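Asks: Sharing a structure, written as structure tokens. Questions coming.
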Amino acid sequence: MLQIVNARRFWQGALFLGIGAVALWQLPLPIGRLTNMGPGYFPMLLGMGLLILGASSVLLSLGRGERSHVERLSLTPTFFIIGGVIAFALLIEPAGLALALLVMVLGTCHARLRQHPIQVAVIYVAVLGLCWFVFIYLTQLPLKLFW
Amino acid sequence: MLKKTIALAVSALALLSLAPASAQAPYPSQTVRIIVPFTPGGGTDLTARIVADALSKSMGQSFIIENRPGAASQLGIDFVARAKPDGYTLLWSSADGISVLPAVKPKMPYTIPDSLAFVSSFSSFPLILGVSSALPIKDFKEFVAYAKANPGKLKYSSSGAGGGGHLQPAYMAKVLGLDMAHVPFDSAAPAVVAVAGGHASFTNVAPSTVAPYVTAGTVRAIATSGRNRTILYPDLPTVAELGHPELTEDFFYGMYAPANTPKEIVAKLRAGVEAVLKDPATPDRLRSLGLEPLDLGGEDFKAFVVKDLNRWTEIAKAINFKLSAD
Amino acid sequence: MELLANLTMGFQVALTPQNLLFCLAGATVGTAVGVLPGIGPVTTIAMLIPLTFHMPAVGSLIMLAGIYYGANHAGATTSIMLNMPGEPSAVVVCLDGYPMAKKGRAGAALAMSAIASFAAGCVAFLIVASLAPALSHLALLFGPAEYFATIVMALVMTSILTDDGLLTTLGLCMIGLLLGAIGTDLTTGDSRYSFGFTALSDGIDFVAVAVGLYALTEIIEYSSTDTVRQNILFSFRGLIPSRDELRSSISPIIRGTGIGSLLGIFPGTGPMLSSFIAYAMEKRIARDPQRFGKGAIEGVVGPESAANAAAITHFIPMLTLGIPAGAAMAIMLGALQIQGIAPGPTVMTNHPALFWGVIASMWIGNLMLLVLNLPLIGVWVRLLGMPFQVLYPPIIAFSCLGVYSIHNASFDIYIAAACGVLGIVLRIMGCNPAPLILAIILEPMLEQNFRRSLILSNGDPLVFLTNPASLGILVFTVVVLVYFKARRRHVIKAVEEPA
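Here it is in structure tokens:
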């Protein structure tokens, strides 16, 4: 019986198919002609190309034999680090650098446990100082330190 | 870390020299941001930096440039239109997003003139019609004759779709009854390079952009869109002199504030820009960029912009030009 | 000899204490900018423009040029240390530089990349000095069809960059091209794939993608493994390249310099394209391509020398014709114009002191960068010796603020976060993100030149084959690809059948 032998290849194919489908589904219009291409022409070519590549990948991943697996990563750190970054983005304009950084450092440090609170505090103060100096004092980004 | 510290210190010194100590004054009492809706390095950005530098000195408060490019300058202008009208967020823009884009784009987030307070104009410039010297075209008459004899053969490059460099030749094609195709580039420099290399036939760009190629002989300047001849090429005829006054167009740079900014602040800023224009060093700097001073304030500036906007709206209607909607 | 006389004059100008100081300032600021994520040379040069109003023209150009090539020089530092490219030209340096660092050879990789940059800088300087006027006209040669062919070559060659196979790399390229297509369509002004976000109308920025795909992904991966990462040990011996590493670097540096010097002349291509064509070439001709991606010194010095050579010859079109080869050059041209100097062919004759002074300063600047960077290596490696969980909050913070500074908007940070998730997905599938990020950067050039070519040819798709230069480039691409694939099969066979 045919089954997924090469899991990496299968999931790659699935990714290509998925993105190709979204590209074609959300295709910007009009497509236009060869002499006067619209905004949709080039993305259309790319979407179709991805569908072809994705389908080939999926077909090639099938076969007989033992199934290989993809790498597994724990989801918690992804959640905390991406979450920390998003929180930073949300807070930076309304709440200022100090608070946004605090939330981010807490979030990202939480992703890797076994960090001493004092170490986290030291990291926070050092990062805040450096960021203030480089980005607010030197490059004059339009940011507030506090709300 | 020592070397890094030195590096930072050097840039710190460089930046500090731009921001003189603040003095006690009612306005401006804090740093003023000038939004430039284009990437650094273009004419809009350079003129903005000249003025910001001078205003920082004369007003005793630092005026910093913030580049917010995107969507043919629409994003940056929209940002200012929505900003708090307290005089601390200003706009420095070219004609593109103020009087050209609103004429051709059906859905705009801001309206001209209502969304902005008009502070001061600064300078104007024409577009130079430059033809590839690979083509047997020496003057405007030959240009028209060539285009008529070879319909569909001439391709014009522009600094971007929907800008002045696109509409000007599109209108010219309509007025003269010519058949030509548009090849858009993302800024003026590559558009001229394409003409200089003979890949495109002609382009309409600002005098300072075309100047090196005219000197090198790879591009032939055959007309200027300005009301008057340009200082860079005093021998170059204007389109009006060539019998087409309807093609006359001067583009401009100027300063704006969000609508409802207090009148005193607008007046103070206008006085500041006026002083920059009166500074004896300014005309030379502008001239080397191929720009002419344009000294209009408040209502005069507003009337000027509205007139320009109406003209582009009529042109867009005449040539049935529309950028498709979002 | 005229060249000698000109160069003597140039060095007299560049060696005045004032100009030396400007050169040093440019090189140091450039180094800082190259190391910091987010703040690029373009922004920095733009910020310093008002300062140049009060400086002599030669001095200001010397300083601004120093920032430009200094940033290129230092862009590889973070690639090697943190697997995070600081500049687009440093993307491929990650492929082998970071594995070298993991093996404890970070010092050697950094030292060799500094030496390679310097060597390439010297050669490129000689080329600029002796051939600039003759080469300048090449810049006009490339029209839309030629650019299209060159970019296709570059994209197809990404399949040589990594060992993921043609199917995977082509797929990643196409995803990258689609991501690159996000934003305002240049021709019609329509917004594409913006999903209702106005902020997307300007497209996705390289810095945001690099932070997401590289920095965030690396940190997440580190945090999800249970073992404490082996800290890279600091040892003095690790700083010095071994005799072997030196010997095997010589030819790649020469080849890289050649590629970079040539491609740098064409506006728009420049350092990034030449760096990864140099990488693909090294891998193509290596006796044992299997070593690449695992810390091959050739994969570091080849692209580094190419990038730096291109950064220097990039000045040829600007100095001789007034053609800005990129955004940074465009700003420098503006600075010149404000000083009342009309850029173009007349600069050489009307302002010889400026022309030759700037050229001479490039060599001096490269020497300064070498002197500046070699002692810094010790600092960098010591920094790497710190526990990673102490290092990563500042890396994230700097990256986020750097990303914020692109448009002064939070939106770009969300893009970086999204790219971080994409990076993790790719990591789980075992794909190298290099083809994707290169495609994102190249998309606008590829698509616009495709469309322009077809407008110019009145819709004839054969234009890419009837145009001799583009035909040549495309044929070359196919030959290289077929040859490489055949060779790889041959090599794999040879490995599988040991005596």
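Residue numbers (the working numbering), protein chains in the order written: chain A, 8 to 154; chain B, 18 to 343; chain C, 5 to 503.
All C-beta atoms, glycine included, are put in the ideal place defined by N, C-alpha and C.
Note that the structure is predicted; figures quoted are calculated from it, not measured.
Can you tell me which of B:Ala320, B:Leu306, B:Asn327, B:Phe321 puts its alpha carbon nearest to the alpha carbon of Leu337 of chain C?
Replies: Against the third sequence, residue 337 of chain C aligns to sequence position 333. Nearest C-alpha to Leu337 of chain C: B:Leu306.
Asks: Between Thr56 of chain B and chain C, is the shortest Cβ-Cβ distance under 8 Å, so that the two count as touching?
Replies: Residue mapping note: residue 56 of chain B aligns to position 39 of the second sequence, counting from 1. At least one chain C Cβ lies under 8 Å of Thr56 of chain B.
Asks: Does the beta carbon of Phe238 of chain C come closer than 8 Å to any beta carbon on chain B?
Replies: Locating residue 238 of chain C in the third sequence gives position 234, where the first residue counts as 1. Only weak support is given to the placement of Phe238 of chain C: the predicted model assigns it a pLDDT of 49, under 50, and the question is left unresolved by the model.
Asks: Please name the residue in B:Leu253, B:Ala65, B:Tyr105 whose C-alpha comes closest to that of Ser138 of chain B.
Replies: Taking the second sequence and counting its residues from 1, the one referred to as residue 138 of chain B is at position 121. Nearest option by C-alpha distance: B:Ala65.
Asks: Please list the partners that Gly147 of chain C has in chain B, where partner means a Cβ-to-Cβ separation under 7 Å.
Replies: The residue given as residue 147 of chain C occupies position 143 in the third sequence. Chain B residues near Gly147 of chain C: Ala211, Gly214, His216.
Asks: So, at 6 Å on beta carbons, what are the nonlocal neighbours of Phe238 of chain C in its own chain, with the 5 sequence-adjacent residues on each side left out?
Replies: Numbered from its first residue, the third sequence carries residue 238 of chain C at position 234. Note that Phe238 of chain C scores a pLDDT of 49, beneath 50, so its modelled location is shaky; the value from the coordinates is reported in the next line. Cβ within range, chain order: Val385, Arg386, Gly389.
Asks: Kindly list the residues whose CB is nearer than 6 Å to the CB of Ala40 of chain B, restricted to its own chain and excluding five residues on each side of it in sequence; keep chain order.
Replies: To locate residue 40 of chain B, count along the second sequence from 1; it is residue 23. Low local confidence applies: a pLDDT of 35 at Ala40 of chain B is under 50, so the model's placement there is unreliable, and no value is given.
Asks: So, are the CB atoms of Thr226 of chain B and Arg244 of chain B less than 8 Å apart?
Replies: By one-based count along the second sequence, residue 226 of chain B stands at place 209. By one-based count along the second sequence, residue 244 of chain B stands at place 227. In this structure, Arg244 of chain B does not lie closer than 8 Å to Thr226 of chain B by Cβ.
Asks: In the region 298 to 309 of chain B, which residues sit with their C-beta less than 7 Å from some C-beta in chain C, listed in chain order?
Replies: Under the 7 Å Cβ criterion, the region 298 to 309 of chain B contributes Asp301, Arg302, Ser305, Leu306.
Asks: Among B:Gly147, B:Lys191, B:Lys155, which one has its Cα closest to the Cα of Ser175 of chain B?
Replies: Counting from 1 along the second sequence, the entry for residue 175 of chain B is found at position 158. When each option's Cα is compared against that of Ser175 of chain B, the closest is B:Gly147.
Asks: When the cut-off is 8 Å and only beta carbons count, does Arg246 of chain B lie next to chain A?
Replies: Taking the first residue of the second sequence as position 1, residue 246 of chain B is located at position 229. Taking Cβ atoms only, chain A never reaches closer than 8 Å to Arg246 of chain B, which makes this a no.
Asks: Gly45 of chain A: which of C:Thr82, C:Leu40, C:Ser195, C:Ile410 sits nearest, CA to CA?
Replies: For the purposes of this step, residue 45 of chain A is taken as the residue at position 38 of the first sequence. The residue with the shortest Cα to Cα distance from Gly45 of chain A is C:Ser195.
Asks: If you draw a straight line from the C-alpha of Pro124 of chain A to the C-alpha of Thr47 of chain C, how long is it?
Replies: Within the first sequence, numbered from 1, the residue matching residue 124 of chain A stands at position 117. Within the third sequence, numbered from 1, the residue matching residue 47 of chain C stands at position 43. One C-alpha to the other measures close to 37 Å.
Asks: Considering Cα atoms alone, identify which of C:Leu135, C:Pro54, C:Asp168 is closest to Pro439 of chain C.
Replies: Position 435 of the third sequence, counted from the first residue, corresponds to residue 439 of chain C. Answer by Cα proximity: C:Asp168.
Asks: Taking DSSP's pairing of strands, which residues face Asn84 of chain B in a bridge?
Replies: Against the second sequence, residue 84 of chain B aligns to sequence position 67. In DSSP, Asn84 of chain B forms a bridge with B:Val53.
Asks: Is the CB-CB distance between Tyr102 of chain C and Ser83 of chain C below 8 Å?
Replies: Stepping through the third sequence from its first residue, residue 102 of chain C is reached at position 98. Stepping through the third sequence from its first residue, residue 83 of chain C is reached at position 79. Their beta carbons are under 8 Å apart, which means Tyr102 of chain C touches Ser83 of chain C by this criterion.
Asks: Hey, could you find the ends of the alpha helix (DSSP H) Arg431 of chain C is sitting in?
Replies: For this step, residue 431 of chain C is matched to residue 427 along the third sequence. Where Arg431 of chain C is concerned, the enclosing alpha helix (DSSP H) stretches over 415 to 432.
Asks: Is Ser409 of chain C buried or exposed, if buried means 16 or more other CB atoms sit within 10 Å of its CB?
Replies: Against the third sequence, residue 409 of chain C aligns to sequence position 405. So Ser409 of chain C ends up on the buried side.
Asks: Are the beta-carbon atoms of Ile49 of chain C and Ile363 of chain C separated by less than 8 Å?
Replies: By 1-based counting over the third sequence, the position of residue 49 of chain C is 45. By 1-based counting over the third sequence, the position of residue 363 of chain C is 359. Their beta carbons are not under 8 Å apart, which means Ile49 of chain C does not touch Ile363 of chain C by this criterion.
Asks: Run through DSSP, which three-state label would Glu309 of chain B get?
Replies: Numbered from its first residue, the second sequence carries residue 309 of chain B at position 292. Note: Glu309 of chain B maps to strand in three-state DSSP.
Asks: Given a cut-off of 8 Å on the beta-carbon distance, is the pair Ser252 of chain C and Glu302 of chain C in contact?
Replies: For the purposes of this step, residue 252 of chain C is taken as residue 248 along the third sequence, with counting starting at 1. For the purposes of this step, residue 302 of chain C is taken as residue 298 along the third sequence, with counting starting at 1. Their beta carbons are under 8 Å apart, which means Ser252 of chain C touches Glu302 of chain C by this criterion.
Asks: Answer yes if the region 56 to 76 of chain C comes into contact with the region 396 to 407 of chain C, meaning at least three C-beta pairs across the two stretches below 8 Å, and no otherwise.
Replies: No, the region 396 to 407 of chain C does not touch the region 56 to 76 of chain C.
Asks: Measure from the C-beta of Gln147 of chain A to each C-beta in chain E and report whether the shortest distance is under 8 Å.
Replies: In the structure shown, chain E does not exist; the protein chains are A, B and C.
Asks: Could you compute how far the alpha carbon of Met171 of chain B sits from the alpha carbon of Leu308 of chain B?
Replies: Mapped onto the second sequence, residue 171 of chain B falls at position 154. Mapped onto the second sequence, residue 308 of chain B falls at position 291. The question names Met, but residue 171 of chain B in the sequence shown is Leu. Taking the straight line joining both Cα atoms gives about 29 Å.
Asks: Please decide whether Ser227 of chain C counts as near chain A, where near means a Cβ-Cβ distance under 8 Å.
Replies: Position 223 of the third sequence, counted from the first residue, corresponds to residue 227 of chain C. Cβ-Cβ to chain A under 8 Å: yes for Ser227 of chain C.
Asks: On the criterion of 16 or more Cβ atoms from any shown chain inside 10 Å, does Tyr218 of chain C qualify as buried, or is it exposed?
Replies: On the third sequence, position 214 is the one that residue 218 of chain C refers to. Buried, by the Cβ-count rule.
Asks: Where do the ends of the beta strand (DSSP E) carrying Val148 of chain B lie?
Replies: Walking along the second sequence from the start, residue 148 of chain B turns up at place 131. Note, Val148 of chain B: beta strand (DSSP E), 145 to 149.
Asks: Would you mind giving the Cβ-Cβ distance between Ile129 of chain B and Leu326 of chain B, rounded to the nearest angstrom? I have them listed as a contact below 8 Å.
Replies: Position 112 of the second sequence, counting from 1, holds the residue named residue 129 of chain B. Position 309 of the second sequence, counting from 1, holds the residue named residue 326 of chain B. Rounded, the Cβ-Cβ distance is 6 Å, consistent with contact.
Asks: Does the Cβ-Cβ distance between Trp18 of chain A and Val77 of chain A come in under 8 Å?
Replies: Position 11 of the first sequence, counted from the first residue, corresponds to residue 18 of chain A. Position 70 of the first sequence, counted from the first residue, corresponds to residue 77 of chain A. The answer is yes: Cβ separation under 8 Å.
Asks: Could you tell me the boundaries of the beta strand (DSSP E) in which Val200 of chain B lies?
Replies: Your numbering for residue 200 of chain B matches position 183 in the second sequence. Element bounds for Val200 of chain B: 198 to 201.
Asks: Run the CB neighbour count on Asn354 of chain C, radius 10 Å, all protein chains shown included, and call it buried at 16 or more, exposed below.
Replies: To locate residue 354 of chain C, count along the third sequence from 1; it is residue 350. Asn354 of chain C should be labelled exposed.
Asks: Given this structure, state the Cα-to-Cα distance separating Gly182 of chain B from Ala96 of chain A, to the nearest angstrom.
Replies: Looking up residue 182 of chain B in the second sequence gives position 165. Looking up residue 96 of chain A in the first sequence gives position 89. The alpha-carbon atoms of Gly182 of chain B and Ala96 of chain A are separated by roughly 38 Å.
Asks: Beta-carbon within less than 6 Å of Leu313 of chain B's beta-carbon, same chain only, minus the 5 sequence neighbours each way: which residues are those?
Replies: To locate residue 313 of chain B, count along the second sequence from 1; it is residue 296. Once the five neighbours on either side are set aside, the close Cβ partners of Leu313 of chain B are Ser138, Phe321.
Asks: Could you pull the start and end residues of the beta strand (DSSP E) that Thr220 of chain B belongs to?
Replies: Counting from one through the second sequence, the residue named residue 220 of chain B turns up at place 203. Taken as a continuous stretch (DSSP letters only), the beta strand (DSSP E) holding Thr220 of chain B covers 219 to 222.
Asks: Compare the beta carbon distance of Ile62 of chain C and Leu165 of chain C with 8 Å and say whether it is the shorter of the two.
Replies: Along the third sequence, one-based indexing puts residue 62 of chain C at 58. Along the third sequence, one-based indexing puts residue 165 of chain C at 161. Before going on, a small fix: residue 62 of chain C reads as Val here, not Ile. Not a contact, by the Cβ cut-off of 8 Å.
Asks: Looking at chain B, is there any beta carbon in it that lies within less than 8 Å of the beta carbon of Gln587 of chain C?
Replies: The requested residue 587 of chain C does not occur in the structure, where chain C is confined to residues 5 to 503.
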